[in-house]
Amino acid sequence: MKDNVYRIEHLNKSFENTNGEQIQVFDDLSMDIEKGKITAVLGPSGCGKSTLLSILAGFECYESGNIPEEESRGVVFQSPALFPWLTVKGNVEYGLKRKGIPKGERKEQVETFLKMVQLEDYAKYYPRELSGGMQQRAALARTLVLRPEMLLMDEPFSALDPKLRIQMQQLTLELWKELKQTIFIVTHDVEEAVMVADIIYLMGESPQGVRRKVEVSWVKKEENRNTKKFFELKNSLLNT
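Numbered per this note's numbering, the sequence shown spans residues 541 to 780.
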């Protein structure tokens, strides 16, 4: 494995449907995830992108192939999945407690990450008292405070309204610039993939796998977003 790349090699995965038939999800899938960059997997429902994330997270098994296993990773889901009986502070602190981090250090880290996600004034609130966007920010802080080497995001903003979705995409970029973590995000939203990622893998119907790899880091510069090149990129992804 190259020092600057997490490599998925020759991955094979299938499952049995309700009729007892074997459905091939991945057939010799290979993909590189560059360290310190944001990689997006874009594709229609049923292409296997969420299954791939679940395999990377260790939630699902696979038949053969190689995936990066030595790195710590955290997961942010489409649903915030916060503990309803804990406050925002309690949710963010939970993983640190489980790791045995001393109280003073926990307090400092929780305060730091709540400030990063702009929830420092909501530490004592319960999830039911927060909007959907605020809940997702709390979930993001809960994952990031553990400082995983790889952050896995499974369509994390798809349940939010368009305005909140854009705000969360921007927040993700701001956090990435500060923390320089490796982020792997799956989405069906072309706009989201283009605006957030450095590299996009476009997947086809299972078990077709990767159809295209596109470098899009130049889109992060705002002056490039009203250019002919930008609109051609979006159109090509929409029509592929």
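Don't be surprised by glycine CBs; every beta carbon is placed ideally from N, CA and C.
Proximal residues to residue i (C-beta, below 8 Å), its chain only, five neighbours per side dropped
i	result
L700	G672, G673, Q676 and M708
A597	R613, V615 and L692
E718	M656
S590	D694, E695 and V726
R646	E633, L636 and K637
S619	A699
Beta-carbon gap between residue i and residue j smaller than 8 Å
i	j	result
Y602	N552	yes
V632	V615	no
A733	A679	no
Y741	V581	yes
R668	P624	yes
K774	V730	yes
I723	I578	yes
S746	G586	yes
D572	V545	yes
E561	M690	no
G588	H728	no
Y666	T712	no
K761	G576	no
Per DSSP, cross-strand counterpart(s) of residue i
i	result
D729	Bridge partners of D729: none, in fact.
A737	DSSP output for A737 lists no bridge partner at all.
A580	I725 and I740
V657	Partner(s): none; V657 has no beta bridge.
V753	The question names Val, yet the displayed sequence has Lys at residue 753. Y741.
F566	K553
Contact set for residue i: own chain, Cβ-Cβ below 7 Å, skip 5 residues either direction
i	result
F770	V759 and N764
F653	V632, A681, L684 and V685
M735	Q709 and V759
E549	S570, G605 and N606
R751	L742, M743, G744 and T780
S594	E600
F555	I563 and V565
Three-state secondary structure assigned by DSSP to residue i
i	result
Y546	strand
K664	coil
E561	coil
E556	strand
V759	helix
E574	strand
N779	coil
K643	helix
T712	helix
N766	coil
K717	helix
Sequence-distant residues of the same chain with beta carbon closer than 6 Å to residue i, five excluded per side
i	result
V754	I740
S757	D738
I725	A580 and M693
C-beta neighbour in chain B for residue i, strict 8 Å
i	result
K753	Absent from the structure: chain B. Only one protein chain is present.
Unbroken stretches of the beta strand (DSSP E), 3 residues or longer, contained in the stretch 667-704: 690-694
At what residue ranges does the stretch 586-640 contain a whole run of the alpha helix (DSSP H), taking only runs of 4 or more? 589-597 and 628-638
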